[in-house]
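Residue numbers (our numbering): -2 to 588.
C-beta atoms are modelled at their ideal positions from N, C-alpha and C, and glycine is treated no differently.
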DNA sequence: GCCGTTTTCGGCCCGACTGTTTTCAGTCG
């Protein structure tokens, strides 16, 4: 569905305070309007870069501005600095208001139509007086677009098909949904004659939090028959584009899949190219140019025009004088500079995990017994499992009274005897953080437990100041070991709490409290941007599945991906620690 | 509009695909 529709509510933003995301959206909006207006491409690119930087910024833009560090943000120069300052101090921007006078904002909806870009929007607007999406659709149906310069019957049909596809298009997929769809297509691809390799690429391979389209790459001696089979696949609803090396289809459910094919000796450059991100690739190509090389999905070409093919990604990075960069890092967040300087982190691996510190059972809203969870954890090679059911105040989740909590200990001890040395069970709680920041069990009860995770489950719409104060109060409780799903967001739609993250992270550091990376694909919370800041600050992270059933213990992989995207090493993730080390950490904190 | 281990001004990634074009513009990733 189109974003950026209609008038942006600047007044409301001014009242509620503009956050980084709001600001980023405004810069994207300016880039779109400037592009339609016909501004030089590099100016619109500059605005987009600023938007991207603002989204990656782990601290509040107000703080950066107060401390006079705006110019340190990548892509922010003299002009953009002035614009940000005007926006933050007045909640308005004269430049944007003028732009919105010149270019009808309803044109932004047209930009969302596939295959319609700024040039075509300008054409429709200036030469056919089309201002809105319904007007565009009507003009296409009446055959009025084909007469425009550079347009024809096919282009007109394409616009109409694009509008219809847009209405069908599903929202962004959760990571697990995207992976299971991607895996089934990879299995199909690998079974095709002539295909020697097939891999996921794009945001899926980078393990982005949510996935729009699925990108796949394959190596085949002859691409044509594979492409033909791809577009003929029974699940394909519509072929969006079709070529020898690249095709794109829409599935019946509205999901788009893109497939690239090259010969096996070019597979490395293809996989590297299709994995992105776009910004990472742009930087890499600039780096190549400085070394007299031209980089594309086809490989490297030197100044004499001689090709250097790459069957593996490693060869591409090596040819540019770089160590291998993991896909999760390829977001143009300093990874190329770090690679050049030899200071890429040794990333956490899935096999490093040996503790699950957040799990539920039948005692509250889980679906399995303590013993079943313990056996499932042992089967997965874990050495530590913490049973952390909900606290009494969370009635809807069957939270435990203090008495039930005591009874549960007996149950856990029984399961521990059953497990022997194979698995250490910890008795903990996921205690609810009430709206005022107090906890749902008395301190003396919390003191008896092996691990205390404190989480917010209700009153998630508090204003920023109250929410921050609430969370910091919980962090300050000496019995709290960890904060569970810190923002409370639910992907893909419900945003998390509006928090002053700098203050929250600083409190966690001061009090030695760990932060959870909740591995549930609906949460992935702590967000990677703040997780990376936490890593830099030396705050321990914990990858927790928050499993409510034995099968959900398998979801830790999604938490690992967040930690990797946050540049975390195994050492910084307490889920890799032994039970003894965890208990030592807990005890040291309490001295 | 930003930016500088070849630059403070002149650059700013690269190719596939589509459809409209007789050689290229627009869009996309």
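How would you call residue 219, buried or exposed, if buried means at least 16 neighbouring beta carbons within 10 angstroms? By the 16-neighbour rule on beta-carbons within 10 angstroms, residue 219 is exposed.
Do you know whose CA, among 272, 423, 500 and 387, lies nearest residue 430's CA? Nearest of 272, 423, 500 and 387 to residue 430, Cα basis: 387.
Which residues share a DSSP beta bridge with residue 214? Its beta-bridge partners are 196 and 257.
Return the residue from the list 506, 463 and 446 that minimises the CA-CA distance to residue 589. With the chain running from -2 to 588 in the structure shown, residue 589 is simply not present.
Which stretch, first to last residue, makes up the alpha helix (DSSP H) that contains residue 159? Residues 150 to 165.
Helix, strand or coil for residue 170 per DSSP? Three-state DSSP puts residue 170 in a strand.
What are the residues that DSSP puts in a beta bridge with residue 491? Bridge partners of residue 491 according to DSSP: 487.
Out of 394, 242 and 43, which has the shortest C-alpha to C-alpha gap to residue 590? Residue 590 is absent from the structure shown; the chain starts at -2 and stops at 588.
Beta carbon of residue 472 nearer than 8 Å to that of residue 510: The answer is yes: Cβ separation under 8 Å.
When you compare only the Cα positions, how much space is there between residue 241 and residue 225? The alpha-carbon atoms of residue 241 and residue 225 are separated by roughly 9 Å.
Mark residue 286 as exposed unless 16 or more other C-beta atoms lie within 10 angstroms of its C-beta, in which case mark it buried. Answer is exposed; the Cβ neighbour count stays below 16.
Excluding the 5 residues preceding and the 5 following residue 497 in the sequence, name in chain order all residues of the same chain whose CB lies nearer than 7 Å to its CB. So the qualifying residues of the chain are 57, 461 and 465.
Hey, is the region 11 to 25 in contact with the region 99 to 113, meaning 3+ C-beta pairs nearer than 8 Å? Below 8 Å, too few C-beta pairs join the region 11 to 25 and the region 99 to 113 to call them touching: fewer than three.
Among residues of its own chain, excluding the 5 on either side of residue 92, which ones have a beta-carbon nearer than 7 Å to its beta-carbon? Setting aside the 5 residues that flank it on each side, residue 92 is surrounded in the same chain by 80, each with a C-beta closer than 7 Å to its C-beta; the list follows chain order.
Buried or exposed: which applies to residue 279, given that a residue is buried once 16 or more other Cβ atoms fall within 10 Å of its Cβ? By the neighbour-count rule (16 or more Cβ atoms within 10 Å), residue 279 is not buried but exposed.
Please name the residue or residues paired with residue 387 in a DSSP beta bridge. Secondary-structure assignment with DSSP links residue 387 through a beta bridge to 427.
Check whether residue 294 and residue 267 have beta carbons under 8 Å apart: With a cutoff of 8 Å on beta-carbon distance, residue 294 and residue 267 are scored as near each other.
Please return the same chain residues whose Cβ sits closer than 6 Å to the Cβ of residue 607, not counting the five positions on each side in sequence. Since the first residue of the chain shown is -2 and the last is 588, residue 607 is not available in this structure.
Continuous beta strand (DSSP E) assignments of at least 3 residues falling wholly in the region 322 to 381: Correct list: 352 to 356.
Between the C-alpha atoms of residue 206 and residue 318, what's the straight-line distance to the nearest angstrom? One C-alpha to the other measures close to 30 Å.
Quick check: the Cα distance between residue 173 and residue 323, rounded to an integer number of angstroms? Those two C-alpha atoms are separated by around 20 Å.
Three-state secondary structure assigned by DSSP to residue 584: The answer is helix: DSSP assigns residue 584 an H, G or I state.
Express the C-alpha separation of residue 414 and residue 251 in angstroms, rounding to a whole number. Going from the Cα of residue 251 to the Cα of residue 414 covers about 51 Å.
Distance between residue 330 and residue 260 (C-alpha atoms, nearest Å): Inter-residue distance for residue 260 and residue 330 is about 31 Å (C-alpha atoms, whole angstroms).
Among 527, 578 and 243, which has the Cα closest to the Cα of residue 482? Selection 527, 578 and 243 evaluated against residue 482 yields 527 as nearest (Cα-Cα).
What is the residue span of the alpha helix (DSSP H) that residue 132 lies within? That run of the alpha helix (DSSP H) goes 130 to 138.
Residue environment, residue 365, which counts as buried when at least 16 other CB atoms sit within 10 Å: The residue in question, residue 365, is buried, as its Cβ has 16 or more Cβ neighbours within 10 Å.
Starting from the C-beta of residue 212, find all residues in its chain whose C-beta is less than 6 Å away, skip the five residues before and the five after it, and write them out in chain order. So the qualifying residues of the chain are 198, 199, 255 and 271.
When the Cα atoms are used, what is the spatial distance from residue 356 to residue 568? Each residue's CA atom was taken as its position, placing residue 356 and residue 568 some 22 Å apart.
Which runs of the alpha helix (DSSP H), 4 residues or longer, sit entirely within the region 544 to 588? Segments of the alpha helix (DSSP H) lying fully in the region 544 to 588: 553 to 562 and 576 to 587.
Would you kindly report the start and end of the unbroken alpha helix (DSSP H) that includes residue 289? No alpha helix (DSSP H) holds residue 289; DSSP gives it neither H nor E.
Relative to the C-alpha of residue 346, which residue among 113, 573 and 372 is closest? In terms of CA proximity to residue 346, 573 leads the group 113, 573 and 372.
Between residue 384 and residue 422, which are expected to be in contact by the criterion C-beta below 8 Å, what is the C-beta distance as a whole number of angstroms? About 6 Å; that satisfies the 8 Å criterion.
On the three-state DSSP scale, how would you describe residue 421? Strand.
Residue 589 vs residue 192 beta-carbon contact at 8 Å: Nothing can be reported for residue 589, as the shown portion of the chain is limited to -2 through 588.
Comparing alpha-carbon positions, which option in 506, 196, 487 and 548 lies nearest residue 518? Comparing Cα-Cα distances from residue 518 to each of 506, 196, 487 and 548, the minimum goes to 487.
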